[in-house]
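Single-structure report; data block below.
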């Protein structure tokens with residue numbers, strides 16, 4: 007089994023009640039600021055403040071093969087520690103207690119300017135990237151960081167009304183933006199994308215190298231779902247567009263938010279159609295530059311030449327689900 011079952015992917019974990027019903031209270035932030043248990047999650051340039059001890063926590067190797075060790079934690083701050091913010095969002099209440107916060111504590115996201123972040127913590131090593139620290143975080147902190155980054159990215163891209171271009175104002179504790187001109191409301195959006203474990207008749211796995219990556223980096227094929235399209239249809243279309251082959255029997259495996267900047271990755275497996283030749287791969291040449299089939303032992307033997315997806319991604323979990331265990335170890339003989 008993979009280290010993260012597909013029902014508990016790294017960025018799908020959570021231990022917070024989003025407390026939707028409280029968002030409409032006009033004085034919510036005043037109430038929260040009067041509660042000494044309220045904590046602030048500080049976010050700067052998409053990075054969250056970590057505890058000092060987390061700086062030394064090991065992160066996965068860049069090639070996707072090395073083991074990850076160490077424990078990281080968010081530095082959740084008393085409200086008086088953060089003096090100003092670009093955006094403020096109520097994230098909800100924690101469901102578990104820690105050594106420093108009680109269960110039920112409210113958590114508020116504050117997106118900081120460069121000046122505010124430098125005043126709060128000038129050591130940039132304390133500001134963690136979700137991609138690299140996710141697997142070292144607890145369920146609570148992984149969920150908080152993912153939620154915070156996703157909603158912050160939405161705010162950054164919706165400062166103006168999509169209908170008329172008028173600036174929008176933040177309402178509903180950070181979960182709605184309203185147009186000054188016509189009063190229309192804009193709600194957070196997430197873009198669905200499919201990611202696919204494609205297998206041939208010999209149970210080999212198809213991996214591709216994207217034009218935006220270094221040539222030795224390979225991952226599963228993926229793409230956004232188009233308007234009016236089902237997930238299953240998107241699987242068939244994307245694989246044909248990127249690899250020139252037809253697949254069948256698309257089967258849902260799991261999903262994970264991917265706030266880079268605003269996606270949810272929906273994982274599938276699919277089989278090469280019977281009338282398709284595995285050797286007839288045809289990368290599109292624009293997005294995908296190279297395609298390769300791997301048997302399990304071939305993937306292990308290529309570990310010094312191939313860079314694999316990071317441990318926070320659903321791509322990694324799907325590959326390990328096919329592989330039959332951790333990619334840190336050779337495959338188990340059938």
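Residue numbers (my numbering): 7 to 340.
Just so it is clear, CB atoms sit at the ideal spot from N, CA and C, and this is done for glycine as well.
(message) Which same chain residues end up closer than 6 Å to residue 214 when comparing Cβ atoms and leaving out the 5 residues on each side of it in sequence?
(response) Once the five neighbours on either side are set aside, the close Cβ partners of residue 214 are 227, 294 and 297.
(message) Taking only three categories from DSSP, how would you classify residue 219?
(response) coil
(request) Measuring alpha carbon to alpha carbon, tell me which of 61, 250 and 195 ends up nearest residue 291. (result) 250
(message) Report the CB separation of residue 327 from residue 12 in whole angstroms; it is logged as a contact under 8 Å.
(response) 6 Å
(request) Name the two residues that bound the continuous alpha helix (DSSP H) containing residue 149. (result) 145-163
(message) For residue 304 and residue 97, what's the separation of their Cα atoms in angstroms?
(response) 44 Å
(message) Using a 10 Å radius around the Cβ and a threshold of 16 neighbouring Cβ atoms, would you call residue 139 buried or exposed?
(response) buried
(message) Pull the bridge partners of residue 166 from the DSSP assignment, please.
(response) 173
(message) The alpha helix (DSSP H) that contains residue 181, what's its start and end?
(response) Annotation for residue 181: no alpha helix (DSSP H) segment contains it, and DSSP assigns it neither H nor E.
(message) Give me, in chain order, the residues of the same chain whose beta-carbon lies closer than 6 Å to that of residue 20; leave out the 5 immediate sequence neighbours on both sides.
(response) The beta carbon of residue 20 lies closer than 6 Å to those of 149 in the same chain, with the five residues before and after it left out.
(request) Compare the Cα-Cα distances from residue 269 to each of 233, 49 and 229 and report the closest residue. (result) Minimum Cα distance to residue 269 is reached at 229.
(message) Suppose the cutoff is 7 Å on Cβ atoms and the five residues either side in sequence are ignored; what does the same chain contact list for residue 238 look like?
(response) 256
(message) Considering just the uninterrupted stretch of the beta strand (DSSP E) at residue 255, what are its terminal residues?
(response) 253-264
(message) Out of 310, 337 and 39, which one is the CA nearest neighbour of residue 222?
(response) 310
(message) Measuring alpha carbon to alpha carbon, tell me which residue in 204, 266 and 176 is nearest residue 259.
(response) 204
(message) Does residue 195 pass the burial test, meaning 16 or more other C-beta atoms within 10 Å, or should it be called exposed?
(response) With fewer than 16 other CB atoms across the displayed protein chains lying within 10 angstroms of its CB, residue 195 is exposed.
(message) With three or more C-beta pairs closer than 8 Å as the rule, is the stretch 174-186 touching the stretch 125-136?
(response) no
(request) Tell me whether the beta-carbon of residue 202 lies closer than 9 Å to the beta-carbon of residue 276. (result) yes
(request) Specify whether the stretch 110-122 and the stretch 41-54 touch according to this definition: at least 3 beta carbon pairs, one from each stretch, less than 8 Å apart. (result) yes
(request) Grab me the residues of residue 172's own chain with a C-beta within less than 8 Å of its C-beta, minus the 5 sequence neighbours each way, in chain order. (result) 166, 185, 186, 187 and 188
(request) Name the two residues that bound the continuous beta strand (DSSP E) containing residue 96. (result) 93-100
(request) Identify the continuous alpha helix (DSSP H) that holds residue 239 and give its terminal residues. (result) 237-249
(message) Considering only the alpha carbon of each residue, which of 86, 267, 218 and 287 lies closest to residue 164?
(response) 267
(request) List the endpoints of the continuous alpha helix (DSSP H) containing residue 116. (result) Per DSSP, residue 116 belongs to no alpha helix (DSSP H); it is in the beta strand (DSSP E), 112-117.
(request) Quick one: using the 10 Å Cβ neighbour count with 16 as the cut-off for buried, is residue 320 buried or exposed? (result) buried
(request) Measuring alpha carbon to alpha carbon, tell me which of 152, 216 and 317 ends up nearest residue 265. (result) 152
(request) Express the C-alpha separation of residue 312 and residue 336 in angstroms, rounding to a whole number. (result) 15 Å
(request) Please report how far the alpha carbon of residue 88 lies from the alpha carbon of residue 125, in whole angstroms. (result) 9 Å
(request) Would you please state the rounded distance, in angstroms, between the beta carbons of residue 110 and residue 99? I believe it to be under 8 Å. (result) Right, their Cβ atoms sit about 5 Å apart.
(message) Just to check my reading of the structure: residue 56 and residue 78 have Cβ atoms closer than 8 Å, yes? What is that Cβ distance to the nearest angstrom?
(response) 6 Å
(request) Kindly indicate which residue of 82, 92 and 220 has the alpha-carbon position closest to the one of residue 314. (result) 220
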